[in-house]
Structures are given as structure tokens and as C-alpha cells.
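In my numbering, the protein residues as written are 1 to 316.
We put the beta carbon where it would ideally sit given N, CA and C, even for glycine.
Only one structure is covered here, and it is reproduced in the block below.
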Ligand code: URA
């Protein structure tokens with residue numbers, strides 16, 4: 001091929017790759033995953049990082065299909081809309097699950113999160129002697145500390161077993177939660193309840209809380225100032241409950257507790273030490289409602305939690 005033609009083909013494929021990456025990012029935004037991609041590498045760096053997997057995608061990926069859809073199509077054994085896989089379905093899965101029961105959680109790879117240059121907000125935060133959930137609720141009071149108070153109906157403090165071994169942490173209340181004053185009672189909440197039951201637990205066995213206690217308008221993501229104002233109350237709740245495992249649902253809670261801007265897909269399913277507890281992040285149930293194939297990934301993460309806590313999956 002003459003060099004001029006080769007150069008023009010090269011430019012076209014660069015453009016196509018850039019378009020694919022932009023599609024991918026837009027798809028992430030549509031799914032509410034915006035912050036995963038914000039404040040990070042410039043587009044050309046993302047394009048470089050993703051070039052190999054994109055190019056190694058099958059024919060589906062090389063068609064005009066959006067990249068994320070092509071990736072889902074390429075994922076083996078995942079049918080869009082498939083129900084959550086609540087029990088190990090094959091002998092090998094059962095064996096893997098049994099092996100996981102015996103294997104202590106692997107230490108997180110040290111390269112996953114950027115090294116902190118100073119003690120994080122939360123590491124530096126001292127435990128309050130004699131603190132209780134009731135006192136935390138009283139301290140929150142009829143809160144007006146941030147702008148979220150203006151449109152809220154109810155403060156959504158948290159619900160569940162105050163001595164739970166497992167705490168789920170979401171992002172912030174939605175409309176149903178705001179009206180009821182209880183976390184995870186809407187569609188995503190029903191899915192969370194199914195996930196908890198699939199783990200052989202009842203909703204009342206665990207504790208469920210959010211990073212922010214008031215509903216962000218139009219279900220937008222909580223903003224930095226809202227998170228920094230409200231999350232110390234979550235920290236106090238975690239300190240009082242002293243769970244063995246904290247399961248962060250989605251990017252907001254995991255990025256807040258781990259103090260990182262990394263995308264959740266980089267560290268989901270990994271174990272972290274967090275103020276005496278083990279912390280694991282998985283995808284948010286609201287994301288699963290839009291992207292059912294990701295349920296199998298979440299189930300893998302929940303199986304790790306079950307192995308650590310010695311739980312057996314619910315019998316069908
Ligand atoms: N999403 C959350 O993150 N929390 C809730 O309580 C409900 C939906």
C-alpha cells in the first residue's frame with residue numbers, strides 16, 4: 001500500500017477507535033457511571049489503554065455495534081435479561097465455591113489504588129467512644145448542613161441489624177426511599193433484597209446505609225461537598241456496627257470509602273482492609289437493572305463475601 005493511503009487508513013481507524021471509545025464513555029454516562037471516567041486519563045490515554053481489547057473483540061466489535069454492547073455480546077454464557085444466577089449451577093462452580101470457602105481473601109494488589117500521600121479522611125477520623133446509632137441519628141437531627149435538605153421528604157438514616165456482620169453501602173436515597181425514609185426500597189432495593197436472600201440471609205440480618213442521607217434531586221449523583229458533609233455519619237455508623245464485611249454498592253460508596261477516583265471495574269471483587277473490616281466493592285443494583293449480564297459478576301463478588309462469612313447460598 002502506498003504510504004499516503006496507509007496513513008489515511010491509519011487516521012480512519014484512529015478516528016473509528018476514538019469514536020468507539022467515545023461511544024463507550026457515553027454508554028457509561030447513560031448508565032450513571034460518569035464518575036468512573038471523570039478526572040482521569042485524557043481520552044487519548046484511555047484509547048491507548050483500550051485499543052488492544054477493542055481490536056481483539058470478535059466480529060461483533062468490529063461492526064458498528066456500540067462497544068459496550070459488543071463486549072456484552074462477546075461475554076460467554078450471558079443472556080441479556082437473564083435472571084440472577086443465585087446458586088452455583090455446575091459441579092465446577094460448586095467446587096470453586098467450596099474452594100473459595102477454604103481460601104482466605106486474597107490481599108488486594110498493592111497497585112490497584114494510588115498510594116495515599118497522607119492519612120485519608122477516614123483513617124484520620126477517630127472513633128467516638130461510646131457512640132451509638134441512636135446518638136448518630138440524634139446528631140444528624142433535622143439536618144440542614146448541605147443543600148440536599150431543601151428537597152428531601154425524609155432523612156434516610158439506615159436500616160437493619162445494628163450488630164450485622166455484613167453492611168451494604170449505597171449511594172443515596174432515590175424517590176421511593178425519600179418517601180419511605182428507608183434505604184433500598186425501590187426497584188433497585190428489591191433486587192438488593194433478592195441478592196441478600198440469595199446469600200442465605202434476610203434483609204433484617206444485614207445493615208443497609210447510604211453515603212448521603214438525603215435524596216439528590218432527580219437522582220443525580222451526590223456532589224463532593226454533599227459527600228464530605230454527610231459521609232462522616234456513615235463512618236460513625238460503620239464504627240458502631242463493626243461489621244466483618246462492608247460491601248460497597250457502586251462507584252459512589254466505594255470511591256468514597258476507598259478515597260479513590262479509580263473506576264469501580266478496576267477494583268471490584270478485590271478485598272481491602274477498612275478500619276478493622278474487610279471491604280469489597282461490587283456493582284450497584286440499579287446498574288444491574290440496566291445491565292443484567294453484569295449480575296454474574298456481582299454474584300461472584302457476593303460469593304466471596306459468603307465464603308468469608310461462612311454463608312451457604314439459599315436452597316431453591
Ligand atoms: N440507591 C442507593 O444507592 N441507595 C438507596 O437507598 C436506593 C437506591
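Nearest neighbour of residue 273, chosen from 294, 242 and 208 [CA to CA]: The residue given as residue 273 occupies position 273 in the chain shown. Closest option to residue 273, judged by alpha-carbon separation, among 294, 242 and 208: 242.
Own chain residues within Cβ distance below 8 Å of residue 278, not counting five before or after: The residue given as residue 278 occupies position 278 in the chain shown. The answer, listed in chain order, is 105, 244, 245, 246, 271, 272 and 308.
Below 5 Å from a heavy atom of the ligand URA - residues by beta-carbon: Every residue whose Cβ sits closer than 5 Å to any heavy atom of the ligand URA is listed here in chain order: 170, 171, 173, 174, 177, 183, 184, 188 and 210.
Stretch-stretch touch, CB-based, cutoff 8 Å, three pairs: the segment 186-205 with the segment 139-153: With a cut-off of 8 Å, the segment 139-153 and the segment 186-205 do not count as touching, because too few Cβ pairs lie within range.
Residue 230 (DSSP reduced to helix, strand or coil): Counted from its first residue, the chain shown places residue 230 at position 230. Annotated three-state conformation of residue 230 is helix, per DSSP.
Check whether residue 167 and residue 257 have beta carbons under 8 Å apart: Indexing the chain shown from 1 puts residue 167 at position 167. Indexing the chain shown from 1 puts residue 257 at position 257. Between residue 167 and residue 257, the C-beta spacing is not below 8 Å.
Element boundaries [alpha helix (DSSP H), containing residue 307]: Position 307 of the chain shown, counted from the start, is the residue given in the question as residue 307. Here the alpha helix (DSSP H) through residue 307 covers 295-309.
For residue 236 and residue 127, the rounded distance between their alpha carbons: Numbered from 1 along the chain shown, position 127 holds the residue referred to as residue 127. Numbered from 1 along the chain shown, position 236 holds the residue referred to as residue 236. When rounded, the distance between both Cα atoms is 7 Å.
Residue 266 versus residue 254: straight-line alpha-carbon distance, rounded: Indexing the chain shown from 1 puts residue 266 at position 266. Indexing the chain shown from 1 puts residue 254 at position 254. Taking the straight line from one Cα to the other gives about 11 Å.
DSSP-derived helix/strand/coil call for residue 245: By one-based count along the chain shown, residue 245 stands at place 245. Three-state result, residue 245: strand.
Separation of residue 161 from residue 206, as counted between CA atoms: The count along the chain shown starts at 1 and reaches residue 206 at position 206. The count along the chain shown starts at 1 and reaches residue 161 at position 161. Cα-Cα distance, rounded: 5 Å.
Same chain, Cβ closer than 6 Å to residue 29, five either side skipped, listed in chain order: Indexing the chain shown from 1 puts residue 29 at position 29. In this prediction, residue 29 scores a pLDDT of 44, lower than 50, which makes its location untrustworthy; the coordinate-derived value is nonetheless stated afterwards. Within the same chain, no Cβ atom closer than 6 Å to the Cβ of residue 29 is found once the five residues on either side in sequence are excluded.
Identity of the residues DSSP links to residue 150 by a beta bridge: For the purposes of this step, residue 150 is taken as residue 150 along the chain shown, with counting starting at 1. Residue 150 is not bridged to any residue.
Rounded straight-line distance, which links the Cα of residue 292 to that of residue 89: For the purposes of this step, residue 89 is taken as the residue at position 89 of the chain shown. For the purposes of this step, residue 292 is taken as the residue at position 292 of the chain shown. With a pLDDT of 33 at residue 89, under the threshold of 50, the modelled position of that residue is not reliable, and the figure given next carries that caveat. Whole-angstrom Cα-Cα distance: 17 Å.
Contacts around residue 268, its chain only, beta-carbon distance under 6 Å, and the 5 residues preceding and following it disregarded: Locating residue 268 in the chain shown gives position 268, counting from the first residue. Same-chain partners within the cutoff: 281 and 282.
Exposed unless 16 or more other CB atoms sit within 10 angstroms - verdict on residue 187: Taking the chain shown and counting its residues from 1, one reaches residue 187 at position 187. By the neighbour-count rule (16 or more Cβ atoms within 10 Å), residue 187 is not buried but exposed.
Separation of residue 260 from residue 116, as counted between CA atoms: Within the chain shown, the letter at position 116 stands for residue 116. Within the chain shown, the letter at position 260 stands for residue 260. At residue 116 the pLDDT is 46, less than 50, meaning the model places this residue with poor confidence; the figure from the coordinates comes in the next sentence. The C-alpha of residue 260 is placed about 9 Å away from the C-alpha of residue 116.
Cβ contact check for the segment 129-141 and the segment 167-183: 3 or more pairs under 8 Å: Not touching, per the Cβ criterion.
Simplified DSSP state of residue 283, which is helix, strand or coil: As a first step, residue 283 is located in the chain shown; it is residue number 283 there, counting from the start. Looking at residue 283 - three-state DSSP - the assignment turns out to be coil, as it is neither helix nor strand.
Limits of the beta strand (DSSP E) - the one that residue 274 falls within: Here residue 274 refers to the residue found at position 274 when the chain shown is read from its first residue. Residue 274: member of the beta strand (DSSP E) spanning 271-274, first to last residue.
Environment of residue 276 [buried if 16+ CB atoms lie within 10 Å]: Counting from 1 along the chain shown, the entry for residue 276 is found at position 276. Around the beta carbon of residue 276, fewer than 16 other beta carbons sit within 10 angstroms, so the residue counts as exposed.
Residue 210 versus 156, 226 and 218, residue with shortest Cα-Cα distance: For the purposes of this step, residue 210 is taken as residue 210 along the chain shown, with counting starting at 1. Closest option to residue 210, Cα to Cα, is 156.
8 Å contact criterion, which residue 200 and residue 314 should meet: CB distance rounded: Position 200 of the chain shown, counted from the start, is the residue given in the question as residue 200. Position 314 of the chain shown, counted from the start, is the residue given in the question as residue 314. Contact between residue 200 and residue 314 holds: their C-beta atoms lie close to 5 Å from each other, under 8 Å.
Same chain, Cβ closer than 8 Å to residue 125, five either side skipped, listed in chain order: As a first step, residue 125 must be located in the chain shown, where it is residue number 125. Here the set comprises 232 and 235.
Segment limits, alpha helix (DSSP H) that includes residue 267: Sequence index remark: in the chain shown, residue 267 carries index 267 (1-based). Counting along the chain, the unbroken alpha helix (DSSP H) around residue 267 starts and ends at 264-267.
Beta-carbon proximity of residue 214 to residue 289, cut-off 8 Å: Your numbering for residue 214 matches position 214 in the chain shown. Your numbering for residue 289 matches position 289 in the chain shown. Contact flag unset, no.
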